[in-house]
Every structure is written in C-alpha cells, then in structure tokens.
Amino acid sequence: MKRSAAGKTSEASTSISTDDTGKRNRHGAPFSSIVRWIRRNSIFAGILSLSLIAACTYTFFLSPPPNNNKSLITPLVEQSIPPCPTQPWKPHEDMRGKCPGDLKPFPPATTISACASTCCSNPSCITWQFRSDVGCLQGGDVRLGMEKDGVAAWCSDHPPQRWRGQYLYKKGGTGEEDAEIRARGCDSSTWNPEEQVGQCFGLGDVKKDASGSAEECRDACCGKEKCRAWQWNEELGCFYGSHMHGCQGDDGDPVKFDPFVGRRKFLATRQYIDNSGKPWQMTL
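The letter at position 123 of the sequence shown is residue 123 when you use the UniProt record's numbering, and the numbering goes up by one with no holes.
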C-alpha cells in the first residue's frame, strides 16, 4: 500500500523532532554546557576566578578614595587640632583664608596644636590661625566670608589664590601723577594686570556684572570716576573700589598661596548671618 504524501511529511517531521531532541539530550541545556566547559578548562577557570576576586578586593578595599578638592582639611591636620571644652570651636569651618591685620603673631606657639590650645585657654582669644611660614596668629572675634553681623574684623573663607589686579592711583615713590597712572592702567595696550597678584582687601562685595574676565573688571572700574583699584579671580570674580589694602606681598615677603589652618570659638551672641539675614555657612 502506498503511503500518502501527508504520511511521509508526518514521518519526516517526527524524525527531525527526534533528531533535535537527541542533540539537546547529547549537548544539554546552556547551563550544562557551561559546567562541562569549566570542567574541561578547570585551570583557566580557576585563574579567571582568582582574577575577579582580586579585582573586587582592590575596588572595594584597597583602591584610593576619589580626589575631593572641596575640602582642604586633611585627616592629619584635623587630628592635630585639640577640642576646646570651655568654649567649643564653631563647627564645620576652617579659617583657611587671610585675615588682613586682625590677628597678631603669637610666637610661643610653634605648632597647630599649641596655637589652638593656647587660644582655647585664653578668654580674650577667639580666633587663631597657623601656617608654617607665618606661625601662630591669634586675636578676637572676626566675621568670615559673607557674614555681615558682628565685629568689623573680617577673614576670607577662601585660601590664598592668585589674582589679577592693578592700582589706578599713585602708590609708593613713583613720579607719575594719578591721572597718568589711571590713563595707563585703563588702556588695554599699557595696563598691567600682574601688578597685584596677591589678594587685597577693602574692595567690598563681588561685582557680578563685571566678573567675566579681568578685562571686564578693569573696564568697569575705569568707567567709574571714584574707582581707583580692582582685582579679579576666575573663581571668585571681580572686586573694585576706591582703595585696596592688606595685599599679599606688600610687606616684601614672597606671595604665598598655601591655605591657613584655624578655628574660632562659637559665640552665642552672634547670629552668623549674611546681608539678607540668612544664616551663612562656609563651604569646605
């Protein structure tokens, strides 16, 4: 008896299906294949496993922490500052910027720890700073950064940085008159923005509308009759006014750009607020 075409097709399908099943049974599921590969290549698999373990160990335990430039207080420096039990230091800040003339040298203290502890034990000492080339500085209360309440004495909340700036008036033993100095300083072909690279003080708040460049800052100052000095920093912006003082380098010492280390005692009589009456806190 002849088989129909449909019967042949059915048998062929059954044969193909059986062959596929046989292949799967011989080779196994994907997981089984991986297991057999590992068994055949046990040495290589062991090396690979050890490499992965070593990489994970380095990543989570031995790799150095990411570089964080926001904080300038190293753990070693932090540990060298003793607490002040009688009148605690104000938390979450570091007196790392310059305090123009408001803190005085205290030669007996030759280390950070000694500078802090002697200030702590002295009721009249509220603020202290230390830097290796300057030594210990101590004094009364100061305002920091954008604080507006409290005493007139002030400290920068930024470490010393390189600035660009120039006087537009007679300063020192020059034979030029103010008008000549101003004309030269306001001319883009004769100005000298490297005249004052150390930070100066007394120029007031930042002039945001002229902070795009040193040229903008210069032009803004030159456009005001009573403006006679300006400074600009890429990060901090433009400052100008009738005069500037306390400039780094004016005392003949080389300009230093290393940060200070320091603290001030917390005073319950202070609000530590900015010009708008909001609490102000420095960024570490």
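Cβ atoms here follow ideal geometry from the backbone N, Cα and C, with glycine treated the same way. This structure is a prediction, so every number in the text was calculated from the model and none was measured.
Based on Cα-Cα distance, which residue from the options lies nearest to residue i?
i           : options            : result
residue 139 : 147, 146, 148, 152 : 152
residue 135 : 169, 109, 146      : 109
residue 260 : 128, 244, 222, 225 : 128
residue 211 : 202, 182, 237      : 237
residue 166 : 180, 186, 150, 156 : 186
residue 144 : 227, 80, 158       : 158
residue 155 : 283, 278, 96       : 96
residue 137 : 148, 112, 217      : 112
State the beta-bridge partners of residue i as determined by DSSP.
i           : result
residue 136 : 130
residue 232 : 164, 238
residue 265 : 89
residue 154 : 143
residue 288 : The question about residue 288 has no answer here: the residues shown for the chain are numbered 1 through 284.
residue 273 : 279
Applying the criterion that 16 or more other CB atoms from any shown protein chain within 10 Å of the CB defines a buried residue, is residue i buried or exposed?
i           : result
residue 198 : buried
residue 55  : In this prediction, residue 55 scores a pLDDT of 46, lower than 50, which makes its location untrustworthy; the coordinate-derived value is nonetheless stated afterwards. Answer is exposed; the Cβ neighbour count stays below 16.
residue 104 : exposed
residue 209 : exposed
residue 102 : buried
residue 201 : buried
residue 204 : exposed
residue 98  : buried
residue 264 : buried
residue 106 : buried
residue 267 : exposed
residue 196 : buried
The segment 216-236 in contact with the segment 76-90 per 3-pair CB rule at 8 Å:
no
The segment 226-234 touching the segment 155-164, judged by at least three CB pairs closer than 8 Å
yes
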